[in-house]
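J.: Chains as they are written, first to last, in our numbering: chain Z, 1 to 702; chain W, 703 to 1404. Before I ask anything, let me first share the structure, which is written out below as structure tokens.
2 protein chains.
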Amino acid sequence: MSAEQVSLEALRHLFTARNVALVGASDRSTWSAMIVRRFADFGHQGQLYAVNRDGKQAHGLPGYRSCCEIPTPPDLVIIVVPAHSVASALEDAADAGVTSAVVLSSGFAEAGAEGERLQAGLVATARRRGVTFFGPNSMGFANIAGGAVATAIGTRLPVLHGGIGIVSQSGAVSNEISKFAHQQGMGLSFLCATGNEAMVTPADVIDYLVDDPATRVITAYIEAASSTDRLAAAARRALAAKKPIIVLKVGTSAMSAEVAKAHTGAMVGDDRVFDAACEQLGIIRVRSIEEMMVTAALIEAVGPLERPGIALASVSGGGCGMFADLGEQHGVPTPQFAPETRAKLAEILPSYASTLNPLDMTGAVLQDTSLWTRALPVLLDDPGIGLVVTLMAMPGSEAEMATCRVHWPVIAKAYRDAGKRPMLIGQVIQPMGPEALAVAEESGLRDIVFGMDFGTRALGHLARWSRRVALGADVLAAPAALAEPPDLSGERATLDFLASQGVPVVAGTVARSAEEAQATAAALGGAVAMKIASPDIAHKTEVGGVRLGITSKDVGRVHDEIRAAVASALPDARIDGVIVSPMRTGGLELFVGVTRDADWGLAIAVGLGGVWIEILQDSAVRLLPINKGQAREMLISLRAAKLLKGYRGTAPVDLDRLAEVIVAIGNAALALGPKLAALEINPLWVSGGEIEALDALAEWRD
Amino acid sequence: MSAEQVSLEALRHLFTARNVALVGASDRSTWSAMIVRRFADFGHQGQLYAVNRDGKQAHGLPGYRSCCEIPTPPDLVIIVVPAHSVASALEDAADAGVTSAVVLSSGFAEAGAEGERLQAGLVATARRRGVTFFGPNSMGFANIAGGAVATAIGTRLPVLHGGIGIVSQSGAVSNEISKFAHQQGMGLSFLCATGNEAMVTPADVIDYLVDDPATRVITAYIEAASSTDRLAAAARRALAAKKPIIVLKVGTSAMSAEVAKAHTGAMVGDDRVFDAACEQLGIIRVRSIEEMMVTAALIEAVGPLERPGIALASVSGGGCGMFADLGEQHGVPTPQFAPETRAKLAEILPSYASTLNPLDMTGAVLQDTSLWTRALPVLLDDPGIGLVVTLMAMPGSEAEMATCRVHWPVIAKAYRDAGKRPMLIGQVIQPMGPEALAVAEESGLRDIVFGMDFGTRALGHLARWSRRVALGADVLAAPAALAEPPDLSGERATLDFLASQGVPVVAGTVARSAEEAQATAAALGGAVAMKIASPDIAHKTEVGGVRLGITSKDVGRVHDEIRAAVASALPDARIDGVIVSPMRTGGLELFVGVTRDADWGLAIAVGLGGVWIEILQDSAVRLLPINKGQAREMLISLRAAKLLKGYRGTAPVDLDRLAEVIVAIGNAALALGPKLAALEINPLWVSGGEIEALDALAEWRD
């Protein structure tokens, strides 16, 4: 996380700069020439100046030796001088009153130890002088909608204007994203590559874009989640504003060693934590650039669905089949039409057509375009359908372009007459070249989902995000950490602490002798579980420290056997005694583990215990804190959820009570404060309405 | 399945016709004009004639009233006359000695009962006259490599020649496939849309293409699997010839009612059977047109991998991350390089570069192209790597095209000097327009994987198919069906039959009275399982007909209770008695079910029983017959396979013996002959080396 968060005001100043000085500008440099070309390409609105050692003009811009010489002080400097000269360039700019900078120069943290030192120095200088800089080793930004440009990212002309903002950590990837967007005719509002992000992180830019009215969809490519607090806050604001954030995150970094040690950590993995964060924050997570941008264009056009269902109107039966198959795979809700919708369709369509969703209107519509005019309003009016997508082949030849010229305007009019924005889908992804764009513009049909494959993924994202928007952002206050967290060494101490935090735990006593063990067992009645109590032993079974289902007559003997086995296996372990607890049988064993993620803090994992968690990796993960509803959702999302609901004669588990217990465990972990590394309850025993933690283990950070 | 299989010789005659008559040709018909244009577009080699009522020339072709009037008898007629005139046109052609036809006319089986009658009549006429026809309601075929054209499928010019054959049931989809192929610069050898496939099915065309030397990859879009015997035979020949078949199949048809009744049928579903068929036959199954064609182009270029590993050489770290993530998701094997490879790379690459796969060569290679020349041969020489894919941005602008002009020839030369065919991958899918194609041709770098998303899917298919090619096609002889299959009514009769076929089954006796039950239990010793024996009761538990773990003193009483419960629930059921068997506890319960698929015949499903199969749908499916190796693979592919290998103290199952038993069950089902609908062993009890079928049920087709 960045040490100090850049204010929204500073970001606004940076991203809306008018007067810009290019420091290091030179006619001999293709690099600085390229940056200057970008001003024109993207339509920078403001004065431009060249600053260089000789004060020579460059690329036709007036030249100065120092920013201080520029008659109108610049709002922003773009620095392209070699790495070792960047700090003094920054000082010079600060002397001229400049508070925003973009450092494109490389040779910093990406280039080894010496570069890291340089970068740290640069940050210190910037902080001292009150300058916010973007980079270094960055390709800069283009606030395309705002006419503020400071970038070397390649342009594709004509620049297409629209509502998609692109935030990328990588310059190369930002280039690929914007290339793909242009190829598909998608318009952009903002584009940047954060580079080394010494001061300004992707989370900062995302937070800024949440407030940018020109940006209606935020897309981000990130390689590591930094500034997670700011990202979370931005995501909550975006969700409230119904502005989607679509993230492509790659690279599952090595888990931090102390987390990997704990069972939970190994099971969860930081990529699952990132997934959990996305789900909780309403961030759409995608796996490729194409999926990201096709999703962005779709949501930019339609916004959140007001009715959950999605319908397809198709001229091809094959298209319906593909849509149904891929839609099911990607979670596209395609409910059947209401009876009145089907009745009306039956009157309109040929007798051999079906009236199912996806709807094959048959090739008849190619002969009789009035079928569009008559059938589309019926679909658009269906009470369960929030979006109708029309499948028509996109043009791949002149003959096909002619067909589009006939059908597109009719389709567009049918949507518009129903007060809806038209939405086409093609069977395969095709570029949206100038000619196709022109026909689309003429037809008033500008929105296209690119291909069944990416399209159904995008529609699935749209449906899930729409549900998430309807639920709203949940901001839960984390319970305060205890001023003095207890020293939880050993199972019984951990269970007793959990009990103090409202978690039901099994009864149990640490017996110091065979006689005490016998007396405890007698008092409990029935069979007992016996376990060694030691602050030094985490894995008790492996040293003969656990014996289950002991009847009272054997308790004394088993006590001595446990002590002997442990003394033999681990002669140096400190021994507190032997825990005697009532034996629990039947029911189900759950696993509840809290682990600390390096980026996101504490996360909780819940799964059925034993074979389920170890063999099936059947678990649900959320960031803490969680509330009861979320805990319930976690339980229900398990593959083994049916077992909880009662299976083959077992009593159904009290899910409400179980959810409360899981919330209490999460809150107990938060109460233990920042030193906690992991807290594991394994098993949490559940039988109908009875719930008890039978064993627990806390681990601490060094 | 088609009643009579069209011979390869007839297909060869059809698809290589030189002299072609267009029956129904007319200058006033845009339809016939379009077909004539296709001859030129696709480069038909042979004489063309027009046949119509008036014998008028059309589209510049000489006109005749009858095929019999044509001086050189045609090899093929293309029929475009209205549906009711097609049969007489076929008769006329037959009179002229024509044996091949393409019927483009619609109004047949696709248009209701009357059309179905017409189509049946047409088939009868064709069979009587020895004519093989393609269609009706078809868009025809273009044997592009062979210069034989009879199609209305849209062309995109210039036609690109290559080794991909396209077989589609749907005309609209064939158009989308060929459009996408052209857009990406992929060359075709063959293209067809089978339409109603009254005589010639996609399987027939695939079988033909296996022998077509110009076709190096076969792609097929199908909506229903017909001619499965021929498809299976073609797939085995293709696998032996190392020619991939890539299938996009949509639409999971409703399961046949009699199969759905059985537990197995509901669990398996015909789509899983199709999956199983593809896996067994080495057919590559894909989910979208793009995935199909990107995979086709990749495999056309590289063929089966001789070494299993795939490496990426990249100029972008972000590209490496995406490749790693998506590659893992899609099963791309990216092993680490050998130590000597890493040592050599460390000498070549900048000090801050890693030497891992995927390999980030860093932006340094953009400055110094000799890095390609030095590093690529090292990768290509790695003993574990069968394919090196180089990631470079594809051109999206003139500036990028210039970059490609610099790098592509260097990359291509590095591959060729190492005796390898160069292979690029782009981060996103981009069209391959004429300009990019020209640069590619100049550079000698013609093979491109289109984007990380589709590309990693294609590479995963390539890797799996290469392994499958190495294993070879397995042609197993099915055991002959018994001449007189026994009447298996009831559990015990079924178990006894299975025992006769080498399947170990639990001991058991049908007791006719409480006394007999007691005597049987006493003879067995230990607890027993007791179940009602009735040919009329499939679900015994639901009527109180099953009691487990009965100790000997209770056997008489329980016998009477079972009889009473069943008599009360089903007073009319015929009762043979009560089966008394030894009780089996511990170990694992498996489910083995054989079901008859409407298209593919008998398929076998194996899974762990109880909760595993019902809640997790954890099962493996194969077509019968299977051999021991395949049965073992099925077991190992289960999510719950770890349980079989011994889990938390349970003895590992004897997998070899278990595989033998599963093969025996499959063979027993085959022995029961074509009337068998389903055969279910549930559970098959397994404990270490002990294996016993505890219950079994056979169901029969009406």
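For glycine and all other residues, C-beta sits at the position ideal for the given N, C-alpha and C.
What I want to know is whether the C-beta of V1151/W ends up closer than 6 Å to one or more non-hydrogen atoms of the ligand HEM.
T.: As for the ligand HEM, it is missing from this structure, which has no ligand bound.
J.: Would DSSP call A735/W helix, strand or coil?
T.: Looking at A735/W - three-state DSSP - the assignment turns out to be helix.
J.: Since R858/W meets chain Z, which of its residues come closer than 8 Å, beta carbon to beta carbon?
T.: What R858/W touches in chain Z: G396, S397.
J.: What residue range does the beta strand (DSSP E) around G593/Z cover?
T.: Per DSSP, G593/Z belongs to the beta strand (DSSP E) from 588-597.
J.: Helix, strand or coil: which one does DSSP assign to P202/Z?
T.: It is helical.
J.: Return no unless some Cβ of chain Z is closer than 7 Å to the Cβ of K1233/W.
T.: No - not a single Cβ of chain Z is within 7 Å of the one on K1233/W.
J.: Looking at the strands, I want to know which residues DSSP matches up with L22/Z.
T.: The partner list for L22/Z (beta bridge, DSSP) reads A50/Z, I78/Z.
J.: Which residues in chain W have a C-beta closer than 8 Å to the C-beta of A393/Z? List them in chain order.
T.: The answer, in chain order, is A874, N877, E878, K881.
J.: Who are V1108/W's beta bridge partners in DSSP?
T.: Note: V1108/W sits in no beta bridge, so no partner.
J.: Would you mind working out which of D453/Z, I425/Z, A233/Z, A473/Z sits nearest L445/Z, comparing C-alpha positions?
T.: Of the candidates D453/Z, I425/Z, A233/Z, A473/Z, the one whose C-alpha sits nearest the C-alpha of L445/Z is I425/Z.
J.: Between which two residues does the beta strand (DSSP E) carrying W700/Z extend?
T.: W700/Z -> beta strand (DSSP E) spans 696-700.
J.: Skipping 5 residues on each side, what residues in its chain have a beta carbon closer than 7 Å to that of V81/Z?
T.: Excluding residues within five positions, the ones whose Cβ falls inside 7 Å are V23, G24, A89, S105.
J.: Are there three or more Cβ pairs, one per stretch, closer than 8 Å when the stretch 986-1001 of chain W is compared with the stretch 910-925 of chain W?
T.: The stretch 986-1001 of chain W is in contact with the stretch 910-925 of chain W.
J.: Please list the partners that H182/Z has in chain W, where partner means a Cβ-to-Cβ separation under 8 Å.
T.: Result: G1098.
J.: Counting beta carbon pairs with one atom in the stretch 1347-1356 of chain W and one in the stretch 1299-1315 of chain W, are three or more of them shorter than 8 Å?
T.: No contact exists between the stretch 1299-1315 of chain W and the stretch 1347-1356 of chain W.
J.: Is there contact between the stretch 336-347 of chain Z and the stretch 374-387 of chain Z, where contact requires at least three CB pairs shorter than 8 Å?
T.: Yes, they touch.
J.: Roughly how many angstroms separate the alpha carbons of Q886/W and L1028/W, rounded to a whole number?
T.: If you take the alpha carbons of Q886/W and L1028/W, they lie about 21 Å apart.
J.: Closest by CA to L160/Z, which one among R230/Z, D41/Z, D75/Z, D271/Z?
T.: Comparing Cα positions, the closest option is D41/Z.
J.: When Cβ atoms are compared, which residues of the stretch 1008-1040 of chain W fall closer than 8 Å to chain Z?
T.: Listed by position along the chain: V1017, S1018, G1019, G1020, G1021, G1023, M1024, A1026, D1027, L1028, Q1031.
J.: Kindly indicate which three-state DSSP category H863/W falls into: helix, strand or coil?
T.: Strand, per DSSP.
J.: Of all Cβ atoms in chain Z, is any one closer than 7 Å to the Cβ of E1291/W?
T.: No, E1291/W does not count as interfacial toward chain Z.
J.: Listed from N- to C-terminal order along the chain, which residues in the stretch 919-949 of chain W have their beta-carbon within a distance smaller than 9 Å of any beta-carbon of chain Z?
T.: So the close ones are Y923, E925.
J.: Going by DSSP, what residues sit across from A811/W in a beta bridge?
T.: Its beta-bridge partners do not exist; DSSP assigns none.
J.: Would Y1054/W count as contacting chain Z if we go by Cβ distances under 7 Å?
T.: Judged by the 7 Å Cβ criterion, Y1054/W is in contact with chain Z.
J.: Does chain Z have any CB closer than 7 Å to the CB of P1133/W?
T.: Cβ-Cβ to chain Z under 7 Å: yes for P1133/W.
J.: Check whether chain Z comes within 7 Å of S990/W, counting only Cβ atoms and requiring the distance to be less than that.
T.: Judged by the 7 Å Cβ criterion, S990/W is in contact with chain Z.
J.: I need the boundaries of the beta strand (DSSP E) containing T1287/W, first residue and last residue.
T.: Where T1287/W is concerned, there is no enclosing beta strand (DSSP E), given that its DSSP letter is neither H nor E.
J.: What's the gap between the Cα of E699/Z and the Cα of L498/Z?
T.: When rounded, the distance between both Cα atoms is 14 Å.
J.: Is the separation between the beta-carbon of A17/Z and that of D75/Z shorter than 7 Å?
T.: The answer is yes: Cβ separation under 7 Å.
J.: Smallest Cα separation from E1218/W: which of H1261/W, A1182/W, S1236/W?
T.: The residue with the shortest Cα to Cα distance from E1218/W is H1261/W.
J.: In the stretch 294-377 of chain Z, which residue ranges form an unbroken alpha helix (DSSP H) of at least 4 residues, counting only runs that do not cross its ends?
T.: Qualifying alpha helix (DSSP H) stretches, in chain order: 317-330, 339-348, 364-367.
J.: Can we say the stretch 414-434 of chain Z touches the stretch 878-898 of chain W, given the rule of at least three CB pairs closer than 8 Å?
T.: With the cut-off at 8 Å, the stretch 414-434 of chain Z and the stretch 878-898 of chain W touch.
J.: Taking only three categories from DSSP, how would you classify F976/W?
T.: Helix at F976/W.
J.: Which class does K881/W belong to by DSSP, given the choice of helix, strand or coil?
T.: Helix.
J.: Classify T827/W as helix, strand or coil using the three-state DSSP reduction.
T.: Three-state result, T827/W: helix.
J.: Does L281/Z come out as helix, strand or coil in the three-state DSSP assignment?
T.: Three-state DSSP puts L281/Z in a helix.
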